[in-house]
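Residue numbers (the working numbering): 1 to 164. Here a beta-carbon is modelled for each residue, glycine too, at the ideal position from N, C-alpha and C. Let me begin by presenting the structure, written as structure tokens, before commenting on it.
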Amino acid sequence: MDRLLNIGAAGILICIVAAIILNQLNDPFQSRRRELEQRLTEIRPAEETEDDFEWQFDEWNASILGKETVWQELVPPPPPPPPPPPPPPEKPDLAGMLGEVKATRQQVGDKVKFLVPSNPRGEFKGVGESINGVAIKSISRTEVVFSYFWKEQDQELIYNMPRE
């Protein structure tokens, strides 16, 4: 039985080796390759003939550029930006408004003596009176409190001036 199997395997092996050798000797694509090479040698390049047509570039350019729609924008330009908002009003400088005014320690009743540029000898002012548009809010032993109503912001501004 082993002998029959060995003979059968050897026969199959011989057939496979014979097929490989025949395939190497008889290339199946050889005939196709020859046919393709023959066809390629028969093909001749096509000859191009130029027509005696003259291109009218200047005429075409003039007709295209003469149309108004060529010069219209495809997308309209954006609208101009809105003007910037006005800057917020600046806070009044109370120290500048009362720049040369000095509160002295002299006091008569509820009134304090203030040295102002218009009256270098001084004038007496009390609570509720104003100097340069700034009203006196309160008077203490060490300082005078001024108040100014800022109309633009509806705000009361306070300034403390020491008494000298």
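- Taken through DSSP and simplified to helix, strand or coil, G96 comes out as helix.
- If you look at R33, you'll find it in the alpha helix (DSSP H) that goes 30-42.
- CA-to-CA, the gap between S138 and R163 works out to about 12 Å.
- Contact between V101 and F124 fails: their C-beta atoms lie close to 13 Å from each other, not under 8 Å.
- The continuous stretches of beta strand (DSSP E) do not include V70, which lies in the alpha helix (DSSP H) extending over residues 68-71.
- Note: K125 is bridge-paired with V112 in the DSSP secondary-structure output.
- DSSP, read as helix, strand or coil, puts Q56 in coil.
- The shortest CA-to-CA distance from M161 to any of E47, F114, P120, E129 is the one to F114.
- Close CB contacts of G128 within its chain, under the 7 Å cut and outside five residues either way in sequence, are with A135, I136 (chain order).
- Proximity of the segment 143-153 to the segment 84-101 meets the contact definition, three or more beta-carbon pairs being nearer than 8 Å.
- About 6 Å separates the beta carbon of N132 from that of L98, a gap short enough to meet the 8 Å contact definition.
- Of the candidates N23, E152, I7, E152 places its Cα closest to the Cα of P89.
- Note that the C-beta distance between T104 and V112 is below 8 Å.
- Burial of V144 is indicated by the presence of at least 16 other C-beta atoms within 10 angstroms of its C-beta.
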